[in-house]
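In my numbering, the protein residues as written are 23 to 426.
Okay, structure coming up:
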């Protein structure tokens with residue numbers, strides 16, 4: 023535990039640990055959020071107290087923050103505190119810091135809570151991955167989110183380093199007011215949420231490698247890292263050979279390595295450690311379901327799902343499972359913004375609570391599909407499966423399947 027805590031903070035930290043232990047004992051959860059709430063009730067300043075004296079990295083964005091956080095933690099090496107269960111609000115941060123005395127911490131941070139967590143933890147580095155619509159019933163206004171990021175990272179208030187994706191105009195808008203920015207030039211594919219300029223509202227013009235607005239707002243010309251033909255960090259080229267699949271994970275690695283370079287970590291050594299990652303909280307890992315081998319992928323919004331569809335390998339079956347519970351967002355209409363047309367040559371099994379809604383969308387996209395009411399009917403088969411699922415559907419399939 024962090025030394026120098028006040029008596030109140032020490033009592034709050036004890037409450038965090040005891041409540042979380044009880045939560046796990048009673049089978050009421052993973053033992054993170056409940057204890058964090060209790061600790062913050064006892065001491066609202068607990069996150070600040072626990073962060074004092076630690077070197078903190080925050081990672082935020084609509085997509086990729088869990089994986090990028092895992093990459094930063096793995097690449098950093100040694101003892102690093104982290105909210106590895108994905109509880110990415112202050113309650114989860116408090117629980118993570120109470121569970122470890124490590125002098126370094128990587129905290130995945132929910133987009134809406136970034137300003138609060140930046141103020142409480144005074145991080146050395148903040149990584150901004152991307153901004154797009156997510157869970158339409160409660161987090162749909164990305165322009166407002168970008169403005170909030172911009173305010174909390176302004177040079178007047180924040181004195182650390184911002185590592186930011188220069189391919190996303192909303193991220194650039196949020197980061198350009200910071201005093202120190204390391205831009206990461208990534209291939210940009212999802213543009214549906216940055217059609218207009220956040221400064222003047224005129225249309226942003228995208229080209230293959232750049233973007234700009236008539237008002238002068240444009241993609242930053244210089245980058246600390248670039249992932250175009252190859253990964254280049256601070257002028258040194260590196261070959262990426264990740265165990266994790268997909269171009270989007272190459273992009274996550276580019277951001278993670280840029281963060282680590284700003285912390286003084288040797289990039290070559292860090293890359294070797296990152297390349298050893300084969301799964302992050304079950305994502306990308308192979309599971310067994312009856313006779314089938316299933317690769318589980320998490321997708322929760324149009325941008326993330328589009329990236330996964332682009333990464334699908336030729337061959338094998340495709341299953342998609344969609345729920346609409348609280349954790350997923352109650353509104354599944356985001357499915358109509360996903361370019362499912364890329365699956366036109368594939369056949370898709372539709373699973374989950376909203377399988378009929380999914381099948382309707384796929385039918386409009388010209389994709390052959392069927393609605394599966396009983397998942398157990400799919401246990402037999404020789405072909406490997408890629409299963410794309412949103413939050414609670416992913417959790418359900420983690421329970422249905424077993425590790426290979």
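A virtual CB, placed ideally from N, CA and C, is assigned to each residue, including glycine.
Open item on the list: Considering only their Cβ atoms, is the gap separating residue 34 from residue 69 smaller than 8 Å?
Closed with: Here residue 69 refers to the residue found at position 47 when the chain shown is read from its first residue. Here residue 34 refers to the residue found at position 12 when the chain shown is read from its first residue. Between residue 69 and residue 34, the C-beta gap is not smaller than 8 Å, which leaves the two residues out of contact.
- [ ] With DSSP collapsed to three states, give me the class of residue 203.
- [x] If you number the chain shown from 1, residue 203 lands on position 181. Secondary structure at residue 203: strand, using DSSP grouped into helix, strand and coil.
Task: Residue range of the alpha helix (DSSP H) that includes residue 303 - done: As a first step, residue 303 must be located in the chain shown, where it is residue number 281. Segment: none, residue 303 is in no alpha helix (DSSP H) and carries neither H nor E.
Task: Own chain partners of residue 274 with C-beta closer than 7 Å, once the 5 adjacent residues on each side are dropped - done: Counting from 1 along the chain shown, the entry for residue 274 is found at position 252. Within the same chain, residue 274 has close Cβ partners 86, 89, 90 and 93.
Task: Where residue 161 sits in the DSSP three-state scheme - done: Working through the chain shown from its first residue, we reach residue 161 at position 139. Confidence at residue 161 is low in this model, with a pLDDT of 49, below 50, so the placement of that residue is unreliable and no value is reported for it.
TODO: Using the Cα positions of residue 161 and residue 203, report the straight-line distance between them to the nearest angstrom.
DONE: By one-based count along the chain shown, residue 161 stands at place 139. By one-based count along the chain shown, residue 203 stands at place 181. With a pLDDT of 49 at residue 161, under the threshold of 50, the modelled position of this residue cannot be trusted; read the value that follows with caution. The straight-line gap from Cα to Cα measures roughly 26 Å.
TODO: Within its chain, find whatever has a CB closer than 6 Å to the CB of residue 317; leave out the 5 residues flanking it on each side and keep chain order.
DONE: On the chain shown, residue 317 is found 295 positions in, with the first residue counted as 1. If we look at residue 317 and ignore the five residues flanking it on each side, its Cβ neighbours are 308 and 408.
Task: the segment 240-257 in contact with the segment 348-366 per 3-pair CB rule at 8 Å - done: Judged by Cβ distances under 8 Å, the segment 240-257 makes no contact with the segment 348-366, as fewer than three pairs qualify.
Task: CB contact flag (residue 210, residue 196, <8 Å) - done: Numbered from its first residue, the chain shown carries residue 210 at position 188. Numbered from its first residue, the chain shown carries residue 196 at position 174. In this structure, residue 196 does not lie closer than 8 Å to residue 210 by Cβ.
- [ ] From the DSSP output, read off the bridge partner residues of residue 391.
- [x] For this step, residue 391 is matched to residue 369 along the chain shown. Assignment of beta-bridge partners to residue 391 by DSSP yields 370.
- [ ] Measure from the alpha carbon of residue 296 to the alpha carbon of each residue in 276, 356, 251 and 418, then state which is nearest.
- [x] If you number the chain shown from 1, residue 296 lands on position 274. The shortest C-alpha separation from residue 296 is found at 276.
Open item on the list: Could you tell me the alpha carbon to alpha carbon distance between residue 260 and residue 151, rounded to whole angstroms?
Closed with: Position 238 of the chain shown, counted from the start, is the residue given in the question as residue 260. Position 129 of the chain shown, counted from the start, is the residue given in the question as residue 151. The alpha-carbon atoms of residue 260 and residue 151 are separated by roughly 20 Å.
Open item on the list: At the level of alpha carbons, what is the spacing between residue 98 and residue 280?
Closed with: Within the chain shown, residue 98 is the residue found at index 76, counting from 1. Within the chain shown, residue 280 is the residue found at index 258, counting from 1. About 12 Å.
Task: Exposure label - residue 255; buried when at least 16 CB within 10 Å - done: The residue you call residue 255 lines up with position 233 of the chain shown. Buried is the call here.
- [ ] Please name the residue, chosen from 144, 357, 371 and 140, that lies closest to residue 170 on a Cα-to-Cα basis.
- [x] Sequence index remark: in the chain shown, residue 170 carries index 148 (1-based). Nearest neighbour of residue 170 by Cα position, chosen from 144, 357, 371 and 140, turns out to be 140.
Open item on the list: Distance check for residue 268 and residue 401, CA to CA, integer angstroms please.
Closed with: On the chain shown, position 379 is the one that residue 401 refers to. On the chain shown, position 246 is the one that residue 268 refers to. Answer to the nearest angstrom: the Cα atoms are 26 Å apart.
- [ ] Identify the continuous beta strand (DSSP E) that holds residue 339 and give its terminal residues.
- [x] Here residue 339 corresponds to residue number 317 of the chain shown, with the count starting at 1. 339-343 is the extent of the beta strand (DSSP E) around residue 339.
TODO: Have a look at 226, 312, 292 and 257 and flag the residue whose alpha-carbon is nearest the alpha-carbon of residue 426.
DONE: As a working note, residue 426 is residue 404 in the chain shown. Per the Cα distances, 312.
Open item on the list: By alpha-carbon positions, which one of 109, 28 and 219 ends up nearest to residue 130?
Closed with: The residue given as residue 130 occupies position 108 in the chain shown. Out of 109, 28 and 219, 109 has the C-alpha closest to the C-alpha of residue 130.
Task: Sheet register partners of residue 425 (DSSP bridge) - done: Locating residue 425 in the chain shown gives position 403, where the first residue counts as 1. When DSSP reads this structure, residue 425 sits in a beta bridge with 309.
Task: Sequence-distant residues of the same chain with beta carbon closer than 6 Å to residue 301, five excluded per side - done: Here residue 301 is taken as the residue at index 279 of the chain shown, counted from 1. Here residue 301 has 307 as same chain residues with Cβ atoms under 6 Å from its own Cβ, once five neighbours each way along the sequence are excluded.
Task: Start-to-end residues for the beta strand (DSSP E) that takes in residue 130 - done: Within the chain shown, residue 130 is the residue found at index 108, counting from 1. For residue 130, the enclosing beta strand (DSSP E) covers residues 126-130.
Open item on the list: Suppose you measure from the CA of residue 205 to the CA of residue 332; what does that come to, to the nearest Å?
Closed with: Locating residue 205 in the chain shown gives position 183, counting from the first residue. Locating residue 332 in the chain shown gives position 310, counting from the first residue. About 25 Å.
- [ ] Would you list the residues sitting across from residue 260 in a DSSP beta bridge?
- [x] Within the chain shown, the letter at position 238 stands for residue 260. For residue 260, which the question treats as bridged, DSSP gives the partners 253.
Open item on the list: On a Cα-Cα basis, can you pick out the residue from 266, 289, 288 and 282 that is closest to residue 298?
Closed with: For this step, residue 298 is matched to residue 276 along the chain shown. Taking only the C-alpha atoms, the option nearest residue 298 is 266.
Task: Selection from 78, 222, 226 and 73 that minimises the alpha carbon distance to residue 214 - done: Against the chain shown, residue 214 aligns to sequence position 192. Answer by Cα proximity: 226.
TODO: Check residue 122 in the structure and name its three-state DSSP category.
DONE: Locating residue 122 in the chain shown gives position 100, counting from the first residue. It is coil, neither helix nor strand.
Task: Alpha-carbon to alpha-carbon, residue 82 and residue 136 - done: Position 114 of the chain shown holds residue 136. Position 60 of the chain shown holds residue 82. Distance between the alpha carbons of residue 136 and residue 82: 7 Å.
Task: residue 73 vs residue 142 beta-carbon contact at 8 Å - done: For the purposes of this step, residue 73 is identified with residue 51 of the chain shown, where counting begins at 1. For the purposes of this step, residue 142 is identified with residue 120 of the chain shown, where counting begins at 1. With respect to residue 142, residue 73 sits close: the two C-beta atoms are nearer than 8 Å.
- [ ] Using alpha carbons as the reference points, say which of 329, 421 and 314 lies closest to residue 404.
- [x] Here the question's residue 404 lines up with position 382 in the chain shown. Closest by alpha carbon: 314.
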